[in-house]
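Asker:
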Amino acid sequence: MTLKELQKTVDAWIQTHGVRYFNELTNMAILMEEVGELARVMARLYGEQSFKAGEEPNLAEEMADVLFVLTCLANQTGVDLEEAMQRSLEKKTQRDKERHKNNPKLKD
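Counting from 1, one number per residue, gives the positions in the sequence shown under UniProt numbering.
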């Protein structure tokens, strides 16, 4: 699925099942909530925290939740994620093409 297809799919889901988009500020708050849930799983999988009894790791689900809400915000604000991602990668390539290769902290 391309990012354009993702945006169309999320929009169709909202129109069919979600009734309408929450307003942008509400979706921004929901995005922060979802990022927090992702951070919680990451802290338990890769950090020092442990899962509670009966708690299951759901990393993929939490990442998908973040992507869903971010896609809603892109749809609401007229951002073409595919185009924006391409521009971002081009910017990073120009800015950082040698930076990370020359970073002694990243050497084995």
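Ideal placement from N, C-alpha and C gives every residue a C-beta, glycine not left out.
For the alpha helix (DSSP H) that contains residue 31, what are its first and last residues?
Answerer: 24-45
Asker: Given a cut-off of 8 Å on the beta-carbon distance, is the pair residue 2 and residue 82 in contact?
Answerer: Yes. Within cutoff.
Asker: So, for residue 58: in the same chain, excluding its five sequence neighbours on each side, which residues have a beta-carbon less than 8 Å away from its beta-carbon?
Answerer: Answer for residue 58: 41, listed in chain order.
Asker: What would DSSP say about residue 74, mapped onto helix, strand or coil?
Answerer: helix
Asker: Thinking C-beta only, is residue 15 closer than 8 Å to residue 71?
Answerer: no
Asker: To the nearest angstrom, how far is it from the Cα of residue 18 to the Cα of residue 103?
Answerer: 46 Å
Asker: Reducing DSSP to helix, strand and coil, say where residue 1 ends up.
Answerer: coil
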